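Residue numbers (the numbering used here), protein chains in the order written: chain A, 553 to 918; chain B, 1182 to 1419; chain C, 6 to 562. For each residue, glycine too, the CB sits at the ideal point set by N, CA and C. In this text the structure is predicted, and so the values were computed from the model without any measurement. A short worksheet on the structure shown next.
Okay, here's the thing in structure tokens:
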């Protein structure tokens, strides 16, 4: 029996090495390429100056793309855009001095003030900006600048017969089961509620909110456009939304769905009892504190205040331009002459936190 | 030739409800090269734990396990199973389901040249009488056939000691008897030292040279088959 | 000699894996620790408001949602799995993989599409009105789908494949002998299912349901649009509207407790099952159906597919064709986004499955020493925590650690006099990949662990006694046997990475769009239909792994 004729193994007590078999090599190659891809060319952009400008924005790309394209066409400066849904401040703060952000763009006065408070911005001393923008639409320290205005209005069923409206009437029991609105916690609504507090005080606003909640036709969710769609669908008769959506919908292609939604509603500019003014919020910009391309950044900001850019805000976005003398889109004009509420936005912004807490207390979204 | 096993006063414990329970306590025995030993006992007697300690899967608290004078396990040291040159047959055969019979048997022969490996596999399959089943997969074999493959596989790397964990418990009676005597023949032929555990007296006496009786973690008696028969008679044949 | 050996102990084969698992666990826990750090920065007064007004309702909603979804996915998933394993009828093969299709539809897309489809002015209600003779939705309309019930049904119908996958595999490979035994003992088909197959499949069901529920907890899109205020949504709101990271982190941590409980329960349930040492992996012989039973089987099988996939996908296709008339082909951004999505998903999958394998191996049931085993299990559980964290919260939690890594790299390079002007990890795809790996490790780990559990420890012992170390055993024996589990893990991770939204939005590099972020950008304007192209692409791309997965499963059994 040839069983024990060979010494098959010498006695070793050391670990055996991994055999370099074909399979092992392939796997190794796979991992190498994986790691390479992981750190590949998409590394973040340089925080050193280039002939570009880096824009961090919470606005949807389609809304600002036209202005940016025009800017690049005029100045040959490339714009790199980062669209961040939430956490803009957090991103910039964490990136710190290495952050490549030049221009910070966002909507809602509250967000702009948050940027200042988080100390991620620096002031811009620009004659162009200061001349184009009225004083109450920019920071007294030149920290932030409004680029466009958007009013928050009433969408009403065309057959409803409503001619004018006060924000405070939204809680009137006669509208029970007829109101559509997006989440109470959404920044657009928070600002409106904060304005309500600024006007009428907290207690009255709480009562008002409870009244609105009991008038809701369906859960407070969805977007502003859904208000129009739900009115068309018979779910509700009135609702609160931003005016520019109405502008877009009413200007959509004839026969398209958006157009049908737009045609189903009539836009009424509501007012506050006290001042007779309509609530208006802003979209705005600020210069990032550690901006690497400061010059280009300021150029972009100034460009956004040019007639051309402002006209784009008016015509493609259906917003109100900040600069005086720029024509408003015809559809928007048809809604009426805007009487902006005189309550300063910085004042309104003070009540944001309380507004949000009220929404929770009243259980508005539940 | 090699294969002398020395188990010296070993104790193996495991944690049970924040205490230590001794599964094996003060067990000592030895096997000379080429001898077949068997540990007999009911389940829970600690026999399987002894086996697994020799294989290197259980750490021991005290005592030593030595093979051919080389220390395998002590309280401070434990050579990993893959370096021990110990073979084992499992109760559930533990054949690799994704490999055919040939590859199963040749599994431990990785370091050999392919030619040599093939020769050795053929040799072993012949030994256990399965030469014409080399291309089959484990799930295509009967219990008895699987067990032979397991035997061939464990003997292929020429281990110093072969351990057998209740090798016949999953088989029917006829196969069991048949296989038991065959197994002894094969082992005597290849002169491998072997240690088996079982709860079946007949198998123990049929297979082994030396039998040990275990109860409650202690080795109650260790001796030749003859002396064990006398012991069993005396203690009233359980 | 003995002492030297002791020093090398940590690199001894078994311990190497435990150490690697430890590193992975630390990686996963880093953002969680960062979150805790953030949470502590918040005030107590804050907590008061949350506890009184926000948490109770959000918690209640979340629990109801979980219970509802759990029930629906168990019902649909196990029923479907049984339908295609226990019975034979023409077209069964087709149903087997078709039942996986809803996996390709993310929860946010199903919510979008059904809100459109079921809207009073949408196609279904329009049809109903035509049939009933009404002309305007003001005369007749169905109740709104927005709300808890809508969310439960919609999420259930796209998440049941998780349960279907694991349960079907279990039925196929483990049930044969016990089912036959039951049949021989005279048990009715229903009894066989309820009394034998279902209990046997419990560990698989638990794994599948846990995955589905974790997916539910993570979702923000569907909950937001359907108006269900879940804990995740509360986190978002607290953070977005009050810019309150600390408050958000606080809610997030309390969510994690629920999830730890969920995971613990799942592991306990699995442990209580005896792992059968069934070596024979032969499939079950199905009962052949005749006559109207075939039709019944078909109807039952098609219902979940129709609601979970055909209807929403069909709707998207229609919308895309409508838009095609207006658009001029596919934009470059769409093509670029597709490429990005495919690349990063592939890389993430390779990384995640590898790490999942390492962690599962370290936690496996071979008793080398009691200590090592429980350590391995601990690390495995820690490594699974990432899946519980909602994407955005994970992203915030990662910002800190990623920055630390960057600072570390800078310091090291600084020693070599190399000045760093950019961020290396934060803001590159590496940071994003880390987020994906952390989030989806649980899938890989769970699938591979379940696969490992089916391999008896004696197999590893046999291999080691035949001279192969623990690593070599893994390579030569277990990985071939784990192929189905690994493929299943890879495809689930791939699809999930593709669909991921919130973390991607936050951590991706500049100008790096994935299909999901592209779709989101369009959809957030409220014009859901225009994102239809991106949505359809996500669904289509998600189909490929689903089909491959189905085939792989079929081939391996």
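- A Cβ-Cβ contact shorter than 7 Å links residue 875/A with residue 862/A.
- Taking C-beta atoms as the reference points, residue 537/C and residue 324/C count as a pair closer than 7 Å.
- In this structure, residue 61/C keeps its C-beta atom at 7 Å or more from the C-beta atom of residue 403/C.
- Between the C-alpha atoms of residue 341/C and residue 605/A there is a straight-line separation of about 22 Å.
- The beta carbon of residue 894/A lies closer than 8 Å to those of 827, 829 in the same chain, with the five residues before and after it left out.
- The C-beta separation of residue 555/C from residue 88/C comes to about 15 Å, leaving the pair out of contact by the 8 Å criterion.
- Under the Cβ criterion (8 Å, minimum of three pairs), the stretch 1373–1391 of chain B counts as touching the stretch 1207–1218 of chain B.
- The stretch 1264–1271 of chain B makes contact with the stretch 459–469 of chain C, as at least three CB pairs between them are under 8 Å.
- Secondary structure at residue 36/C: helix, using DSSP grouped into helix, strand and coil.
- Less than 7 Å divides the Cβ of residue 240/C from the Cβ of residue 256/C.
- By the criterion of a C-beta distance shorter than 8 Å, residue 688/A is surrounded in its chain by 896, 897, once the five residues flanking it on both sides are discounted.
- Judged by DSSP secondary structure, residue 709/A falls within the beta strand (DSSP E) whose first and last residues are 696–709.
- Around the C-beta of residue 1391/B, 16 or more other C-beta atoms lie within 10 Å, and the residue is accordingly described as buried.
- In terms of Cα proximity to residue 1334/B, the closest of 1280/B, 1400/B, 1202/B, 1244/B is 1280/B.
- Sorting 1262/B, 1382/B, 1398/B, 1306/B by C-alpha distance to the C-alpha of residue 1202/B places 1398/B at the top.
- Between the alpha carbons of residue 362/C and residue 267/C lies a distance of about 22 Å.
- Residues are counted here when their Cβ sits less than 7 Å from a Cβ of chain A; for the stretch 133–149 of chain C these are 141, 142, 143, 146, 149, given in chain order.
- With at least 16 other beta carbons inside 10 angstroms of its own, residue 117/C counts as buried.
- According to the DSSP assignment, residue 636/A belongs to no beta strand (DSSP E), since it is labelled neither H nor E.
- Under the three-state reduction of DSSP output, residue 871/A falls in the coil class, being neither helix nor strand.
- Contact check for residue 1332/B and residue 1302/B: beta-carbon distance about 13 Å, past the 8 Å limit, so the pair fails to qualify.
- Annotation: the continuous alpha helix (DSSP H) that includes residue 67/C extends over 60–90.
- Linking residue 379/C to residue 23/C through their CA atoms gives a straight-line distance of about 10 Å.
- Exposure of residue 329/C is indicated by the presence of fewer than 16 other C-beta atoms within 10 angstroms of its C-beta.
- With distances taken between CA atoms, residue 821/A lies nearest to 714/A out of 723/A, 730/A, 714/A.
- Rounded to the nearest whole angstrom, the C-alpha separation of residue 623/A and residue 615/A is 14 Å.
- Interface residue (Cβ-Cβ distance to chain C less than 7 Å): residue 1253/B is not classified as such.
- About 4 Å separates the Cβ atoms of residue 654/A and residue 849/A, confirming a contact at the 8 Å cut-off.
- In its chain, beyond the 5 residues on either side, 438 have a beta carbon closer than 7 Å to the beta carbon of residue 352/C.
- Shown here for residue 313/C: same chain residues with a beta carbon closer than 6 Å to its own, the five before and five after excluded, namely 107, 162, 163 in chain order.
- Note that the C-beta distance between residue 205/C and residue 180/C is below 7 Å.
- Counting the other Cβ atoms within 10 Å of the Cβ of residue 671/A gives fewer than 16, which makes it exposed.
- The beta carbons of residue 128/C and residue 146/C sit about 14 Å from each other, so the pair does not count as a contact at 8 Å.
- Counting of Cβ neighbours within 10 angstroms places residue 223/C among the buried residues, the total reaching 16 or more.
- When secondary structure is reduced to three states using DSSP, residue 229/C falls in the helix class.
- Residue contact with chain B for residue 459/C: absent (no Cβ-Cβ distance below 7 Å to any residue of chain B).
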